[in-house]
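Participant: Please find one structure pasted underneath; my questions will follow.
Below is the structure:
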């Protein structure tokens with residue numbers, strides 16, 4: 011058998027010393043499980059931690075998150091959703107009223123009242139409203155100024171297809187992911203909005219296979235081109251800025267799948283990324299048994315509970331990028347009937363749950379990066395979302411898509427008011443309708459097939475599944491999208507076997 | 012530069028009496044509130060007041076600095092500070108001096124680095140930046156923002172003087188820590204991503220040089236994933252067949268190499284693993300399996316043997332992946 015601990019090859023460096031130290035700390039967690047039985051998820055403990063933060067507030071050390079107030083709410087509300095807890099109507103209303111104070115008069119949401127609009131809090135606010143809001147007066151959903159959100163998004167657009175996260179702020183793929191999820195949920199996607207964005211995302215893939223924070227554009231320097239937009243963007247060089255990283259990789263990959271959902275599978279306009287290298291990099295991010303199977307965010311860095319989602323959650327997206335699932339290679343002699351029993355995951359789902367349950371739970375409630383760190387709202391949610399993605403496998407389902415398509419009603423664009431769409435585009439309104447129908451069907455047909463769950467420690471550890479693209483529960487995704495696309499989504503019909 | 016004392020409240024300061032502070036939440040009882048200190052609440056109440064009045068003045072620079080020092084992620088304070096600097100025509104070198112100080116305390120904050128980038132875009136005075144970044148990387152040699160910023164400086168200004176010593180710098184970072192993946196990535200950025208620099212026009216020679224560089228580093232620490240990933244990057248980018256390195260990799264995979272009989276000969280092109288290395292190295296097994304898979308035909312069985320040994324013995328956490336590779340082989 012292989013040795014448990016990693017080797018420094020008798021050539022130690024700061025990285026291998028830190029790695030050895032972390033493996034030592036984690037081995038103590040393994041040696042002393044808190045019970046003799048299988049590891050358990052301390053749901054009540056975590057719910058109390060979350061409820062305390064939501065209702066009583068966060069201690070002053072969270073001042074560093076003062077510009078991320080929508081995130082504090084979203085992390086807390088979504089953690090509760092994953093733990094199958096919903097708020098009472100009074101607290102829901104309180105949440106809605108709070109979230110609406112973050113909306114900027116010129117579109118989008120800021121990190122708190124009076125703060126400038128920014129793509130990241132816009133995602134967090136809209137997702138928090140997906141959880142707590144409802145249609146109608148005071149419900150939050152109809153108070154979102156969607157045409158202004160769209161104008162805000164367009165005002166951030168750069169000549170290389172990327173977006174600033176806010177005015178005078180940086181470009182990075184987290185912002186693009188936040189923009190695309192928001193635009194998808196609110197039904198304001200247009201071809202104009204996402205022109206060039208897929209190419210930008212592809213340019214962020216590094217030689218390792220994962221994605222970097224952004225890339226540097228170069229433009230042809232013709233003397234007659236005065237403005238950036240008039241210059242031609244060069245294909246090369248277009249260097250990634252920064253190394254392959256778990257958070258950026260999830261955001262880039264999910265963004266590419268969202269763009270593809272909008273443009274349709276048959277689209278030939280999407281740039282090529284190296285999916286084989288991406289898969290290789292993702293699997294390399296899983297720590298060994300000495301690291302209890304947690305995920306790290308970069309090569310030669312330490313495992314951290316939050317990458318349970320950023321890296322662990324990215325695996326389910328690979329099939330949408332053209333990676334053939336394992337069962338397609340398992341030979342023609344095996345019939346479709348056996349597929350339900352095949353664990354398609356290409357990472358070790360059980361080991362990831364071991365890491366989260368044994369290393370990331372804090373005795374006082376909440377979840378952590380790694381011991382001996384303290385819990386916080388961010389790690390609590392991304393550890394729980396990672397746990398959900400290890401327990402549940404959601405994949406695009408042709409039969410679920412067919413169900414939703416059958417229920418589709420043509421209700422007009424439903425999205426932006428006519429005045430928001432530039433006159434030059436009014437002739438492609440029909441195309442918009444088709445594209446928006448595409449994205450509705452594609453994003454809501456992610457479905458968990460029976461027999462694909464893998465729950466370490468027994469059914470009492472089970473948490474709610476979370477949507478692989480949005481990181482909302484399926485119920486919350488359907489609720490807000492049904493509203494903004496003016497659709498009624500049929501319940502999932504019980505099927506014995508997949509007819510696809 | 013104004014000295015700020017963070018114990019004084021603006022609400023007690025007669026010089027601020029003309030500004031109406033604005034409380035954050037008016038008339039609502041928010042969910043998930045932060046229990047701020049008095050100093051932070053006071054400063055941000057006045058900051059909201061200034062945002063509303065649109066005042067851009069020296070004292071606004073002082074106010075935004077105070078907010079930023081208490082919360083460097085307050086992007087609205089940064090944004091307003093930048094607009095104020097532009098409006099007042101504040102000397103930008105002073106701003107950079109202040110940023111040097113703030114950056115050292117708050118390396119992990121996006122805004123610290125982006126504000127610097129905005130200022131540099133204006134001043135175009137990049138000469139001192141690289142030396143400053145060496146100092147910052149001394150505090151945290153894998154800081155993502157610092158590396159990304161360094162790469163921006165190099166690619167945005169694209170000045171030969173800036174580039175001249177970059178490879179020496181990467182070398183020194185890798186001598187400090189051979190496993191620093193940020194430094195390996197930077198090496199790839201410098202040589203393969205950011206255009207062709209003077210002296211590097213012969214791309215084949217460059218690939219040969221970098222393959223040898225990787226081999227030497229792998230021989231020192233054969234289980235260092237960063238070096239293997241870099242080697243793969245160079246091979247992929249230069250279109251070099253993996254099989255051309257089989258002779259080098261075999262000893263690391265515990266396979267008998269073609270030069271095994273010449274134990275006394277030192278092959279400088281194919282350095283052997285150093286004593287004390289743990290072999291076989293997982294990365295070497297994976298590499299050889301890739302070589303065999305590409306060769307196809309009867310060699311597929313050899314590839315499968317290696318994937319099986321990875322799945323069952325040497326890299327069991329990735330069992331599913333190695334099995335996938337085995338079933339997918341020859342069908343992709």
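Residue numbers (the working numbering), protein chains in the order written: chain A, 11 to 510; chain Y, 12 to 343. Backbone N, C-alpha and C define an ideal beta-carbon position, used for all residues, glycine too. This one's a predicted model, so the numbers in the text were calculated from it and none came from an experiment.
1) Which ranges would you report for the beta strand (DSSP E) in the stretch 31-103 of chain Y if only whole runs of at least 3 residues count?
2) Are the C-beta atoms of residue 173 of chain A and some chain Y residue less than 8 Å apart?
3) Can you tell me which of the three DSSP states residue 112 of chain A falls into?
4) Measure from the alpha carbon of residue 332 of chain A to the alpha carbon of each residue in A/285, A/357 and A/147, then state which is nearest.
5) Nearest-angstrom Cα distance between residue 307 of chain A and residue 249 of chain Y?
6) Enumerate in chain order the residues of its own chain whose CB-to-CB distance from residue 449 of chain A is below 8 Å, with the five nearest sequence positions on each side excluded.
7) For the alpha helix (DSSP H) that contains residue 167 of chain Y, what are its first and last residues?
8) So residue 107 of chain A contacts chain Y; which residues on that side make the cut at Cβ distance below 9 Å?
9) Give a yes or no on whether the minimum CB-CB distance between residue 367 of chain A and chain Y is below 8 Å.
10) When you compare each of A/163, A/171 and A/360 to residue 191 of chain A by their alpha carbons, which one comes out closest?
11) What's the call for residue 198 of chain Y, buried or exposed, on a 16-neighbour Cβ count within 10 Å?
12) Can you say whether residue 99 of chain Y is buried or exposed, counting buried as having 16 or more other CB atoms within 10 angstroms of its CB?
13) For the alpha helix (DSSP H) holding residue 413 of chain A, just list the boundary residues, first then last.
14) Which whole-angstrom value describes the C-beta separation of residue 395 of chain A and residue 462 of chain A, a residue pair presumed to lie in contact below a C-beta threshold of 8 Å?
15) Let me know the alpha helix (DSSP H) ranges lying completely inside the stretch 219-264 of chain Y, each 4 residues or longer, listed in chain order.
16) Residues in its own chain within less than 7 Å of residue 85 of chain A by CB, not counting five upstream and five downstream?
17) Would you kindly work out how many angstroms separate the C-alpha atoms of residue 38 of chain A and residue 366 of chain A, rounded to a whole number?
18) When you compare the CB positions of residue 234 of chain Y and residue 17 of chain A, do they come within less than 8 Å of one another, or not?
19) Rounding to the nearest angstrom, what Cα-Cα distance links residue 55 of chain A and residue 473 of chain A in this structure?
20) Pull the bridge partners of residue 68 of chain A from the DSSP assignment, please.
21) Tell whether a beta-carbon distance below 8 Å holds between residue 292 of chain A and residue 324 of chain A.
22) Given this structure, state the Cα-to-Cα distance separating residue 30 of chain A from residue 251 of chain A, to the nearest angstrom.
23) Bridge partners of residue 225 of chain A, per DSSP?
24) Can you pull the DSSP bridge partners for residue 127 of chain A?
25) May I ask you to list, following chain order, the residues of the stretch 203-216 of chain A that have a beta carbon less than 7 Å from some beta carbon of chain Y?
26) Going by DSSP, what residue range makes up the alpha helix (DSSP H) through residue 324 of chain Y?
27) Is residue 404 of chain A helix, strand or coil by DSSP?
28) Please go through the same chain and pick out, in chain order, the residues whose beta-carbon is closer than 7 Å to the beta-carbon of residue 53 of chain A, but skip the five residues on each side of it.
29) Rounding to the nearest angstrom, what Cα-Cα distance links residue 261 of chain A and residue 22 of chain Y in this structure?
30) State the DSSP-derived secondary structure class of residue 378 of chain A, mapped to helix, strand or coil.
31) Comparing C-alpha positions only, which one of Y/331, Y/228 and Y/33 sits nearest to residue 10 of chain A?
32) Where does residue 494 of chain A land, buried or exposed, given buried means 16+ other C-beta within 10 angstroms?
33) For residue 17 of chain A and chain Y, any beta-carbon pair shorter than 8 Å?
34) If you pair each beta-carbon of the stretch 155-168 of chain Y with each one of the stretch 243-259 of chain A, do three or more pairs fall below 8 Å?
35) Could you please give me the residues that DSSP links to residue 458 of chain A through a beta bridge?
36) Run through the DSSP bridge pairs and tell me what residue 313 of chain A is partnered with.
Facilitator: By the coordinates alone:
1) none
2) no
3) coil
4) A/285
5) 27 Å
6) 194, 199, 268, 271 and 272
7) 155-168
8) 39, 40, 41 and 42
9) no
10) A/163
11) buried
12) exposed
13) 408-417
14) Their Cβ separation, rounded to whole angstroms, is 18 Å, which puts residue 395 of chain A and residue 462 of chain A out of contact at 8 Å.
15) 236-249 and 257-260
16) 387, 388, 390 and 391
17) 15 Å
18) yes
19) 14 Å
20) Y/45
21) yes
22) 29 Å
23) A/250
24) A/120
25) 216
26) Run containing residue 324 of chain Y: none; DSSP gives neither H nor E here.
27) strand
28) 93
29) 43 Å
30) coil
31) Nothing about residue 10 of chain A can be read from this structure; chain A reaches only from 11 to 510.
32) buried
33) yes
34) yes
35) A/404
36) A/306
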